[in-house]
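In the numbering used here, the protein residues as written are 21 to 209.
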Amino acid sequence: MKLTVREMSLVSMFTALACAGGLILRFGGDGMVPFSILPFITLLSGILLGGRLGALSLALYLFIGLTGVPVFATPPFGGPAYFIKPTAGFLFGFIGAAYAAGKTAEKIGKNTVWAYMSASVIGLVVLYLIGLPYLYLTMNYYLGKAIGIWAVLKVAFLPFIGFDLIKAGVASVIAVPVAKQVRLMRPTG
């Protein structure tokens, strides 16, 4: 994948935002799945950068964390041990969510809050479709802790979906004026 300097700069900026947002801006206690602004950053990166570059920015975030740099929201905050954490699926889901939101926004092709909200909701669906099964499978088959599907939903979906929809709405509102500026930074033709 060949990138222009502008594209590298935009991807790097969103990778840095994800690193900062994943570690610094988490809230809601010490539950299994932390509340953070990463879904917001993920959706915004997909909407503003497009599917390919948005996914790349989150893939770099995941790579940085898995190499040991402490950028994830829960202990040990980084390293390859994260692969066996039940919540690692959400990290992979961020890549898919950014791609899905970006591709949807590209297909819709309108710079409106409703277009971006539609793209964001599709991104959230992808995030949960990757994160929830990973949590279920890791808990049941790797860690040996029997947990049902309803319990997974109570722990990792129901407490979060309302806040994630609010984050999607905020990302959609912010994206309208910012998208014009990002497009000015992209090469034309």
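We treat Cβ as the ideally placed atom computed from N, Cα and C, and that holds for glycine.
Practice prompt. Could you have a look at PHE55 and say whether DSSP puts it in helix, strand or coil?
Written response: strand
Fill in: LYS200 classed as buried or exposed, judged by whether at least 16 other C-beta atoms fall within 10 angstroms
exposed
Worksheet item: Buried or exposed: where does SER77 fall if 16 or more other Cβ atoms within 10 Å of its Cβ makes it buried?
Response: buried
Discussion item. Judging by CA-CA distance, which residue of GLY182, MET159, ALA38, TYR162 is the nearest neighbour of VAL141?
Written reply: GLY182
Fill in: Enclosing alpha helix (DSSP H) for MET159 [first to last residue]
Careful: MET159 lies outside any alpha helix (DSSP H) and carries neither H nor E.
Worksheet item: What's the gap between the Cα of PRO106 and the Cα of TYR119?
Response: 22 Å
Fill in: Rounded distance between the beta-carbons of GLY98 and VAL91, thought under 8 Å
6 Å
Practice prompt. Under 8 Å Cβ to Cβ from GLY70, same chain only, skipping five residues before and after it: list those, please.
Written response: GLY122, LYS123, ALA125, GLU126
Worksheet entry | For THR132 and GLY74, the rounded distance between their alpha carbons | 19 Å
Fill in: Spatial distance of THR24 from GLY88 (CA atoms)
28 Å
Worksheet item: What is the DSSP secondary structure of MET21, reduced to helix, strand or coil?
Response: coil
Fill in: Closest by C-alpha distance to GLY213, when choosing among ARG26, MET28, LEU63
In this structure the chain extends from 21 to 209, so residue 213 is not present and cannot be described.
Worksheet item: Counting along the chain, where does the alpha helix (DSSP H) carrying TYR119 start and finish?
Response: 108-128
Worksheet item: Nearest CA to the CA of PRO179: which residue from PRO95, GLU27, PRO54?
Response: PRO54
Worksheet item: Which whole-angstrom value describes the C-beta separation of GLY164 and GLY109, a residue pair presumed to lie in contact below a C-beta threshold of 8 Å?
Response: Their Cβ separation, rounded to whole angstroms, is 17 Å, which puts GLY164 and GLY109 out of contact at 8 Å.
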